[in-house]
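S.K.:
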Amino acid sequence: MIVHFWGTRGSISNSITAQLIREKLFNALKKSRDFDLDTDDKINLFIDNGLPFSVSGSFGSNTSCMEMRDNKEFVVCDCGTGLRDFGNYITTLAQQGKIEFPKTFHLFVSHLHWDHIQGFPFFVPAHVSENKIKIYGFHPDLEQAFIDQQKVRNFPLSLKDMRGDISFTVLDINKEHMIAGYTVKGMKQNHPGESYGYCFEKDGKKIVYSTDAEHKKDSESEEYSFINFFRNADLLVFDAQYTLLDSIDAKEDWGHSSNMLGVELSVRSNVKRLCLFHNEHTYNDEDLENDKNYDLDVHMAYDGLEIKI
Ligand SMILES: [Zn+2]
Ligand SMILES: [Zn+2]
Numbered sequence: 033m034i035v036h037f038w039g040t041r042g043s044i045s046n047s048i049t050a051q052l053i054r055e056k057l058f059n060a061l062k063k064s065r066d067f068d069l070d071t072d073d074k075i076n077l078f079i080d081n082g083l084p085f086s087v088s089g090s091f092g093s094n095t096s097c098m099e100m101r102d103n104k105e106f107v108v109c110d111c112g113t114g115l116r117d118f119g120n121y122i123t124t125l126a127q128q129g130k131i132e133f134p135k136t137f138h139l140f141v142s143h144l145h146w147d148h149i150q151g152f153p154f155f156v157p158a159h160v161s162e163n164k165i166k167i168y169g170f171h172p173d174l175e176q177a178f179i180d181q182q183k184v185r186n187f188p189l190s191l192k193d194m195r196g197d198i199s200f201t202v203l204d205i206n207k208e209h210m211i212a213g214y215t216v217k218g219m220k221q222n223h224p225g226e227s228y229g230y231c232f233e234k235d236g237k238k239i240v241y242s243t244d245a246e247h248k249k250d251s252e253s254e255e256y257s258f259i260n261f262f263r264n265a266d267l268l269v270f271d272a273q274y275t276l277l278d279s280i281d282a283k284e285d286w287g288h289s290s291n292m293l294g295v296e297l298s299v300r301s302n303v304k305r306l307c308l309f310h311n312e313h314t315y316n317d318e319d320l321e322n323d324k325n326y327d328l329d330v331h332m333a334y335d336g337l338e339i340k341i
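Each residue of the sequence shown is one higher than the one before, starting from 33 at the first, in the working numbering.
Below you can see the structure in the form of C-alpha cells.
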C-alpha cells in the first residue's frame with residue numbers, strides 16, 4: 033500500500049512566492065559551481081544528490097489531505113486544499129481512460145476547521161454525477177459544516193448543487209467500523225472544537241492518522257490512552273506543527289503538538305514509521321528540514337510525499 037500526501041501544511045496554505053523560487057534557484061546555482069553539468073542526466077543526478085530538499089523541493093503549500101492507495105477503493109483523510117490536487121489527479125486518470133467513473137470515494141474528516149474541509153468544493157469527482165462521495169466523521173454537525181461552507185455568502189455553488197452522490201455518516205466513537213475494507217477506530221483528541229484521530233487496519237497493517245491534537249502532561253503516564261492507540265503502527269501520521277519550545281511556550285493550548293513529542297510517543301508505542309505532519313505555515317523549508325534527524329524512521333511530510341507500507 034502507498035500513502036500519498038496531497039496536503040501537509042497546518043492551519044492555512046503556504047504560498048511559494050517568486051522571491052522564494054528565486055532564492056532556491058540562487059542557492060542551487062551556487063552549489064552547482066563545482067559540478068560538471070553538461071548533460072541532462074548529470075543535472076538530474078545533481079538535483080537528486082547534490083542539493084538538500086529545502087533547495088531542490090519544498091515542503092509544500094496545501095492543507096491536510098492524505099490518501100491511502102491500494103488500487104481498490106479511494107480512501108482519503110481530510111479535505112484540506114490538498115483534496116483539490118487529489119481530485120485533479122483522479123480526474124486526469126479518468127480522462128486518459130486509465131480508470132472509469134463512476135467511482136466511490138471514502139473521505140474521513142478529523143474535524144471541521146477550515147483547513148480540513150476547505151478543499152471539498154474544488155474536489156472535481158464530487159461534481160461528476162454518479163460518483164459516490166462518502167464522508168465520515170465523529171462530529172454530529174459534520175454535514176451541516178459542509179452545507180454552511182457552501183452557503184451562498186461563502187461560496188457560489190451550494191453543496192446540494194454538486195452533481196455527485198454525496199452522503200454523510202457520523203461514526204460512533206465507541207465502535208469499530210468496517211469501511212472500504214479497513215477496520216476503522218476513532219480517538220477523541222485535545223483540540224479546540226475537538227478533533228478525532230483514526231486508526232485504520234487491514235491485512236495486518238496499521239495506519240494511524242492523528243492530526244490536530246495537543247498532548248499535555250498526562251501523556252507522560254504509562255497508561256496514556258494514545259500509547260495504545262498508536263501501538264505497533266506501521267505508520268503514524270502525527271501533528272508536529274510546532275517545535276518543542278513553541279508547543280510548551282508561545283503556542284501552549286493552541287491544540288497542536290511538536291516533532292519531539294511525536295518521536296517520544298512513537299518510541300514508547302513501538303511505531304515503525306513516523307510522519308511529521310501539519311507543518312506550521314510560518315516555518316520555512318530550511319526550518320522544517322532541520323526537524324527530521326532522529327534515530328527512527330521519520331518522514332517529514334511534504335505535498336507529494338509517498339510512503340510505502
Ligand atoms: Zn488543522
Ligand atoms: Zn484544527
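Built from N, CA and C at the ideal position, the CB exists for glycine as well.
Let's see if you can read the secondary structure: which residues bound the alpha helix (DSSP H) around I341?
M.R.: Element bounds for I341: n/a, residue is neither H nor E.
S.K.: Could you please give the first and the last residue of the uninterrupted beta strand (DSSP E) stretch that includes W38?
M.R.: I34 to G39
S.K.: What residues sit near ligand 4, counting only those whose C-beta is closer than 7 angstroms to one of its heavy atoms, in chain order?
M.R.: Ligand 4 is absent from the structure shown, which contains only ligand 1 and ligand 2.
S.K.: First and last residue of the beta strand (DSSP E) that includes F137?
M.R.: T136 to F140
S.K.: Should R116 go down as buried or exposed, given a rule of 16 or more other Cβ atoms within 10 Å for buried?
M.R.: buried
S.K.: Pick out whichever of S289, E296 and I280 has its Cα sitting closest to the Cα of N311.
M.R.: S289
S.K.: Is it the case that the CB of G287 approaches a heavy atom of ligand 2 more closely than 7 angstroms?
M.R.: G287: yes, Cβ under 7 angstroms from ligand 2.
S.K.: Need the endpoints of the alpha helix (DSSP H) that M292 sits in, please.
M.R.: N291 to R300
S.K.: Following the continuous beta strand (DSSP E) through I280, name the residue where it begins and the one where it ends.
M.R.: Premise fails: I280 lies in the alpha helix (DSSP H), L276 to I280, not in any beta strand (DSSP E).
S.K.: Based on Cα-Cα distance, which residue from D80, V156 and K238 lies nearest to N260?
M.R.: K238
S.K.: Could you give the uninterrupted runs of the beta strand (DSSP E) lying entirely in the region 136 to 223, keeping only those of 3 residues or more?
M.R.: Listed in chain order, the beta strand (DSSP E) elements of length 3 or more contained wholly in the region 136 to 223 are 136 to 140, 164 to 169, 197 to 202, 209 to 211 and 214 to 221.
S.K.: From what residue to what residue does the alpha helix (DSSP H) around S86 run?
M.R.: Where S86 is concerned, the enclosing alpha helix (DSSP H) stretches over F85 to S88.
S.K.: Where does F67 sit, in a helix, a strand or coil, going by DSSP?
M.R.: coil
S.K.: Taking a contact to mean a Cβ-Cβ separation below 8 angstroms, would you say N81 touches H313 in this structure?
M.R.: Contact: no.
S.K.: Got a sec: does ligand 2 put a non-hydrogen atom nearer than 7 angstroms to the Cβ of H143?
M.R.: yes
S.K.: Label T124 either buried or exposed according to how many other C-beta atoms from any shown protein chain fall within 10 Å of its C-beta, with 16 as the threshold for buried.
M.R.: exposed
S.K.: According to DSSP, which residues form a beta bridge with S242?
M.R.: F270
S.K.: To the nearest angstrom, how far is the alpha carbon of L277 from that of L191?
M.R.: 41 angstroms
S.K.: Kindly indicate which three-state DSSP category Y121 falls into: helix, strand or coil?
M.R.: helix
S.K.: Just how far apart, CA to CA, sit P153 and K63?
M.R.: 42 angstroms
S.K.: So does S227 have its beta carbon nearer than 7 angstroms to some heavy atom of ligand 2?
M.R.: Checking every heavy atom of ligand 2 against the Cβ of S227, one is found closer than 7 angstroms.
S.K.: Quick check on this structure: which residue in T49, D68 and F106 has the alpha carbon closest to the alpha carbon of V35?
M.R.: F106
S.K.: What residues in its chain sit with their C-beta under 7 angstroms from that of E175, if we drop five residues either side in the sequence?
M.R.: F200
S.K.: Measure the Cβ-Cβ separation of H143 and Y228 and say whether it is below 8 angstroms.
M.R.: yes
S.K.: Is any heavy atom of ligand 2 found at a distance shorter than 7 angstroms from the C-beta of H223?
M.R.: yes
S.K.: For M97, which residues from the same chain have a beta carbon less than 8 angstroms from its beta carbon, with the 5 sequence-adjacent residues on both sides left out?
M.R.: The sequence given here has Cys at residue 97, not Met. Same-chain partners within the cutoff: F37, W38, G39, V108, C109, D110, C111, G112, T113, G114, L115, D117, F118 and G151.
S.K.: Taking Cβ positions, are G294 and D244 nearer each other than 8 angstroms?
M.R.: no
S.K.: Quick one: Cα of K249 to Cα of H331, how far?
M.R.: 25 angstroms
S.K.: Run the CB neighbour count on Y230, radius 10 Å, all protein chains shown included, and call it buried at 16 or more, exposed below.
M.R.: buried
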